[in-house]
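Novice: Take a look at this one; I'll ask things after.
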């Protein structure tokens, strides 16, 4: 499978205007081969990585890139365009399986105490009359 990957350019996006008109997308084969070849290899490689490292980009970036290249190649070989709804569904399946808990939970910031907000506002507003008086005095 990897020999085939190196025969094609790494980023080959299909151009609909340059495709052969008789070439049709074989969706069933695309779905089957995406799961059977690309998915199984991805699952095997992810199995070798500890579950705690699934959300660490440096541990999975190469594996994920290989998956993307594999799916792109399978898409091309089955006469389909990349990306397409079937490929999106496949990647949603992969993400829901491995990466659903990878979102970072941000800490909610607490509002500043009301007394502090009022004090800072009064200080800033009190500068306005002082500056107006200073401008009038100098002019």
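Residue numbers (this note's numbering): 2 to 140. Beta carbons are placed, not taken as given, at the ideal position from N, Cα and C, and that holds for glycine. Source: prediction; values computed, not measured.
Please work out which residues of its chain come closer than 6 Å, Cβ to Cβ, to residue 79, disregarding the five sequence neighbours upstream and downstream, and give them in chain order.
Specialist: The count along the chain shown starts at 1 and reaches residue 79 at position 78. Result list for residue 79: 27, 30, 31, in chain order.
Novice: Kindly confirm or deny that the stretch 57-68 and the stretch 36-48 touch, where touching means at least three C-beta pairs closer than 8 Å.
Specialist: In short, these stretches touch, since the Cβ pair count reaches three.
Novice: Could you check the C-alpha separation between residue 116 and residue 105 for me, to the nearest Å?
Specialist: Residue 116 sits at position 115 when you count from the first residue of the chain shown. Residue 105 sits at position 104 when you count from the first residue of the chain shown. Roughly 32 Å separates the two Cα atoms.
Novice: Spatial neighbours of residue 72 within its chain, please: C-beta separation below 8 Å, excluding the five flanking residues on both sides.
Specialist: As a first step, residue 72 must be located in the chain shown, where it is residue number 71. Cβ within range, chain order: 35, 39, 83, 88, 91, 92.
Novice: Using the three-state DSSP reduction, which class does residue 80 fall into: helix, strand or coil?
Specialist: Walking along the chain shown from the start, residue 80 turns up at place 79. Residue 80 falls in the coil class under three-state DSSP.
Novice: Sorted by chain position, which residues of the same chain lie with C-beta nearer than 7 Å to residue 99's C-beta, five sequence neighbours on each side aside?
Specialist: Looking up residue 99 in the chain shown gives position 98. Result list for residue 99: 47, 55, in chain order.
Novice: Run the CB neighbour count on residue 128, radius 10 Å, all protein chains shown included, and call it buried at 16 or more, exposed below.
Specialist: For the purposes of this step, residue 128 is taken as residue 127 along the chain shown, with counting starting at 1. When all chains shown are included, residue 128 counts as exposed.
Novice: Which whole-angstrom value describes the C-beta separation of residue 50 and residue 61, a residue pair presumed to lie in contact below a C-beta threshold of 8 Å?
Specialist: Residue numbering aside, residue 50 sits at position 49 when the chain shown is read from its first letter. Residue numbering aside, residue 61 sits at position 60 when the chain shown is read from its first letter. Sure, about 7 Å apart at Cβ, within 8 Å.
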